[in-house]
Amino acid sequence: MNALAGGGTFATMPALIALGLPSPIANATSNVSLQPGAMVSAWAYRDGLAPLSGLSVRALVVITFIGGLIGSLLLVATPTRTFDILIPWLLLLATIVLAFGKRASEVLHRHVTIAPAALVTVQFALGIYGGYFGGGVGLMMMAAWGLLSRAEPHRLAAPRTLMLAIANTAATIIFIACAMVTWRFAVPMLIGAIVGGYLGALLGRILPPSAIRAVTILATAAITIVFFWRAYS
């Protein structure tokens, strides 16, 4: 899912909860499990890195890393029951972004102009979200950057991939330091994420983008409904 369209957290976190982990521990373990794949992807895209609206890649990295640290610390402090109630709303937000984020960004891009300085605030908020939960944050970055920096979409893949890896790295540091990772599940999932990332890249060259997008949105919508039922039934 991550290699094809994003949203891999929609698969890994529910699987870990189904295996009996409390939701904050499942989210932390999922984050750490997906981290190596994020780093490999960031390295592969390194040649496409460039400043956004005059903001250097190094500045974006610092802003995202600090936001990721804060977001992951917020997760550590969140009681399990509170996070159980928040999960379906976070999933719903990410599902909406998956379904409509690109289109909304294109519409806003044609009609709205926002000062580039807003990019700092928005990126900090996205870093916090990435450290706290992270579902759909890559698409949120693409949508926000398309509006704020007015950059062409093909220029955003490289910085998006790096910022995802940076937010995940910050969260990984906190989650490991706070002993929130269940390694007996994290290790096999980590291996699966690497293999899946490679196979997903191969599938992405064969499958039509519309089919990939449709399946991903249907899967995330179904999981969102399940988590609403779980939290409020």
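In our numbering, the protein residues as written are 1131 to 1363. Positions of the beta carbon are idealized from the N, C-alpha and C atoms, including for glycine. Here the structure is a predicted model, which means the values were calculated and not measured.
Would you decide whether V1325 is buried or exposed? Buried here means 16 or more other CB atoms lie within 10 Å of its CB. exposed
Throw me the rounded Cβ distance for the V1267 and L1256 pair, which I believe falls under 8 Å. 6 Å
Looking only at DSSP bridge pairs, what is L1185 linked to? L1182
Going by other Cβ atoms of all chains shown within 10 Å of its Cβ, with 16 needed for buried, is I1147 buried or exposed? buried
Excluding sequence positions up to five away, which residues of its chain have a Cβ less than 6 Å from the Cβ of N1157? Here the set comprises M1143.
By how many angstroms is the C-alpha of A1344 removed from the C-alpha of A1300? 31 Å
Under 8 Å by Cβ, that's how I've got T1350 and L1228 pegged, so tell me the actual separation to the nearest angstrom. Contact flag correct, Cβ pair sits at about 6 Å.
What does the alpha-carbon distance come out to for the pair L1333 and L1269? One C-alpha to the other measures close to 20 Å.
Only counting the same chain, and skipping five residues up and downstream in sequence, which positions put a Cβ closer than 7 Å to that of I1193? Its chain contains V1250, Q1253, F1254, G1257 as the residues whose beta carbon lies nearer than 7 Å to that of I1193, once the 5 sequence neighbours on both sides are disregarded; these appear in chain order.
How is Y1262 classed by DSSP in three states: helix, strand or coil? In the three-state scheme derived from DSSP, where H, G and I count as helix and E and B as strand, Y1262 is classed as helix.
Residue nearest to A1352 in terms of C-alpha spacing, selected from G1261, T1312, L1222: L1222
Sufficient close CB pairs (3 or more, under 8 Å) joining the region 1170 to 1182 to the region 1290 to 1297: Touching, per the Cβ criterion.
To the nearest angstrom, report how far apart G1150 and A1168 are at their CA atoms. 26 Å
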